[in-house]
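In our numbering, the protein residues as written are 1 to 298. Right, one structure below, let's go through it.
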Amino acid sequence: MKFQRLALIGCGLMGGSFALALREAGLVQTIVGFSASNTTRQRAVELKVIDQACASVAEAVQGADLVLLAVPVGAMHSSFAAMRDVLQPNALLMDVGSTKCDVIAAAQATLGERLSCFVPAHPIAGKEVAGIEHAESQLYQERRTILTPLPKTGIHRLQAAHDVWAAIGSHVSTMTPEAHDATFAAVSHLPHMLAFAAVNAITSQAQGAAFLDMAGPGFRDFSRIAASDPAVWRDILSANHAEVLAQVAHFRAALDQFENALKQGDAAALQALIQQASATRAGWTLQAGNACRANDDT
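Structure, rendered in structure tokens:
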């Protein structure tokens, strides 16, 4: 398996790391890239992440047999539309979006006959820092990548997608788009929103800065993901809002139980709630491929 031309649409951390990984593995001959920022495109060339910077999505995709769409989920629709008329019939097109139903809907609305080229993907990897400067070839090793194939996805193209991610060290799983979005609303999207809200709740208070000065390792660990990229998480939460709101309802019900126990001075009920969570967390095991670096759970 070797590709002649990788078109990287979005020269940031995720896309850049994919390009570096493929180059290191000897799986691609030429890498071209497009980002909306000319500065980013030129920086990607300087760092030798890509061989050539392109001025448009269409220019990058022209003649490519592998295309990776590594833009925020809010930019997927316009990116699909821009590549539709130049995407080769035999090309493998993938994304790295953290939501899947909305991305698939965008592809279905724009790609036309080229929809069969698309295999939606979500690598569970990342860092707290964004940008092409932080791209690394090892980012996807021992991480899980989830594929959510469409009904029109052929078995050979799905296998090719599986093989690409496996070749750069990922553990590859397959889910339906609906199951994916429900799952990650629960274990990633809501936790991020809670971290954002918790930090804002502290800083909105007059003594917030003083409180933060006293914060220790527990706060550091709990709040780490609150440092995530604002634009990326705006798009993720907006795109998966229905599933996130469903999880908000579950969380609110659980929080109400704690609040009621405190209001009623019911120490036994409070301990039981804590014990339930403690036992669940103690019995939980990080699955192979889910080992996390900072901000991996996007």
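For each residue, glycine too, the CB sits at the ideal point set by N, CA and C. What you are looking at is a predicted structure, and each value in this text was computed from that prediction instead of being measured.
Inset, instruction - Spell out a yes or no on whether the stretch 179-195 and the stretch 41-49 are touching, meaning 3 or more CB-CB pairs, one atom from each, closer than 8 Å. - result: no
Inset, instruction - Jot down the residue ranges of each uninterrupted alpha helix (DSSP H) in the stretch 175-211, minimum 4 residues, whole runs only, in chain order. - result: 177-184, 190-203
Inset, instruction - Name, in chain order, the residues that DSSP records as bridge partners for P123. - result: If you number the sequence shown from 1, residue 123 lands on position 123. Its beta-bridge partners are T145.
Inset, instruction - Report the rounded CA-to-CA distance for A269 versus S223, giving the unit in angstroms. - result: Position 269 of the sequence shown holds residue 269. Position 223 of the sequence shown holds residue 223. In a straight line, the C-alpha of A269 is about 27 Å away from that of S223.
Inset, instruction - Run the CB neighbour count on K100, radius 10 Å, all protein chains shown included, and call it buried at 16 or more, exposed below. - result: Taking the first residue of the sequence shown as position 1, residue 100 is located at position 100. Answer is buried; the Cβ neighbour count reaches 16.
Legend entry - Buried versus exposed call for I274 [16 or more other C-beta atoms within 10 Å across all chains shown]: As a working note, residue 274 is residue 274 in the sequence shown. Flag for I274 reads exposed.
Inset, instruction - Excluding the 5 residues preceding and the 5 following L66 in the sequence, name in chain order all residues of the same chain whose CB lies nearer than 6 Å to its CB. - result: As a position in the sequence shown, residue 66 is number 66, starting the count at 1. Within the same chain, L66 has close Cβ partners F3, L6, L92.
Inset, instruction - Return helix, strand or coil for T110, following the three-state DSSP convention. - result: The residue you call residue 110 lines up with position 110 of the sequence shown. Helix.
Inset, instruction - Have a look at V96, I124, H180 and flag the residue whose alpha-carbon is nearest the alpha-carbon of N240. - result: Residue 240 sits at position 240 when you count from the first residue of the sequence shown. Closest option to N240, Cα to Cα, is H180.
Inset, instruction - To the nearest angstrom, report how far apart G208 and I202 are at their CA atoms. - result: The count along the sequence shown starts at 1 and reaches residue 208 at position 208. The count along the sequence shown starts at 1 and reaches residue 202 at position 202. Each residue's Cα considered, the two are about 5 Å apart.
Inset, instruction - Keeping to the same chain, check which residues put their C-beta closer than 7 Å to that of N295; ignore five residues upstream and five downstream. - result: Working through the sequence shown from its first residue, we reach residue 295 at position 295. Bear in mind that a pLDDT of 43 at N295, under 50, signals an unreliable position, so the model cannot answer this.
Legend entry - Length of the line joining the Cα atoms of G112 and L212: Here the question's residue 112 lines up with position 112 in the sequence shown. Here the question's residue 212 lines up with position 212 in the sequence shown. The straight-line gap from Cα to Cα measures roughly 52 Å.
Inset, instruction - Report yes if the CB atom of A70 is closer than 8 Å to the CB atom of V86, and no otherwise. - result: If you number the sequence shown from 1, residue 70 lands on position 70. If you number the sequence shown from 1, residue 86 lands on position 86. No, the Cβ-Cβ distance between A70 and V86 is not below 8 Å.
Inset, instruction - Quickly, what does DSSP pair S173 with across the bridge? List them, please. - result: By 1-based counting over the sequence shown, the position of residue 173 is 173. The secondary-structure analysis by DSSP pairs S173 across a beta bridge with I146.
Inset, instruction - Indicate the three-state DSSP secondary structure (helix, strand or coil) for T40 in the structure shown. - result: For the purposes of this step, residue 40 is taken as residue 40 along the sequence shown, with counting starting at 1. Here T40 sits in helix by DSSP.
Inset, instruction - Could you tell me the distance, in whole angstroms, from the CA atom of F251 to the CA atom of A195? - result: As a first step, residue 251 is located in the sequence shown; it is residue number 251 there, counting from the start. As a first step, residue 195 is located in the sequence shown; it is residue number 195 there, counting from the start. If you draw a straight line from the Cα of F251 to the Cα of A195, it is about 13 Å long.
Inset, instruction - Quick one: grab the DSSP three-state call for D65. - result: For the purposes of this step, residue 65 is taken as the residue at position 65 of the sequence shown. Note: D65 maps to coil in three-state DSSP.
Legend entry - CA-to-CA distance, Y140 to S231, given in whole angstroms: As a working mapping, residue 231 is identified with position 231 in the sequence shown. As a working mapping, residue 140 is identified with position 140 in the sequence shown. Sequence check: residue 231 is Ala here, not Ser. Cα-Cα distance, rounded: 22 Å.
Legend entry - Reduced DSSP secondary structure (H/G/I, E/B, other) of R5: Mapped onto the sequence shown, residue 5 falls at position 5. It is a strand residue.
Legend entry - Where L286 sits in the DSSP three-state scheme: Reading the sequence shown from its first residue, position 286 is the one you call residue 286. The DSSP-derived three-state label of L286 is coil.
Inset, instruction - Look at M14 and A167 and say whether their C-beta atoms are less than 8 Å apart. - result: Along the sequence shown, read from residue 1 onward, the residue named residue 14 stands at position 14. Along the sequence shown, read from residue 1 onward, the residue named residue 167 stands at position 167. No; because the gap between Cβ atoms is not below 8 Å, this pair is not in contact.
Inset, instruction - Using 10 angstroms around the beta-carbon of N200, count the other beta-carbons present and answer buried if the total reaches 16, otherwise exposed. - result: Locating residue 200 in the sequence shown gives position 200, where the first residue counts as 1. N200 should be labelled exposed.
Legend entry - Close Cβ partners of A185 (< 8 Å) along its chain, the five nearest in sequence each way excluded: Mapped onto the sequence shown, residue 185 falls at position 185. Excluding positions up to five away in sequence, the list reads N240, E243, V244, A246, Q247.
Inset, instruction - In angstroms with no decimal places, state the Cα-to-Cα distance between T145 and G131. - result: Against the sequence shown, residue 145 aligns to sequence position 145. Against the sequence shown, residue 131 aligns to sequence position 131. The straight-line gap from Cα to Cα measures roughly 20 Å.
Legend entry - Of the residues A105, A60, I50, E59, the one placed nearest H300, counting alpha carbons only: Residue 300 lies beyond the stretch modelled for the chain, which goes from 1 to 298, so this question has no answer here.
Legend entry - Under the three-state DSSP convention, the category D95 falls into: Here residue 95 corresponds to residue number 95 of the sequence shown, with the count starting at 1. If DSSP states are grouped into helix, strand and coil, D95 belongs with the strands.
Inset, instruction - Determine the burial state of L22: buried for a count of at least 16 other Cβ atoms within 10 Å of its Cβ, exposed for fewer. - result: Translated into positions along the sequence shown, residue 22 becomes position 22. L22 comes out buried.
Inset, instruction - Just mark A215 as buried or exposed, buried being the case when its beta carbon has 16 or more other beta carbons within 10 Å. - result: Walking along the sequence shown from the start, residue 215 turns up at place 215. Burial call: exposed.
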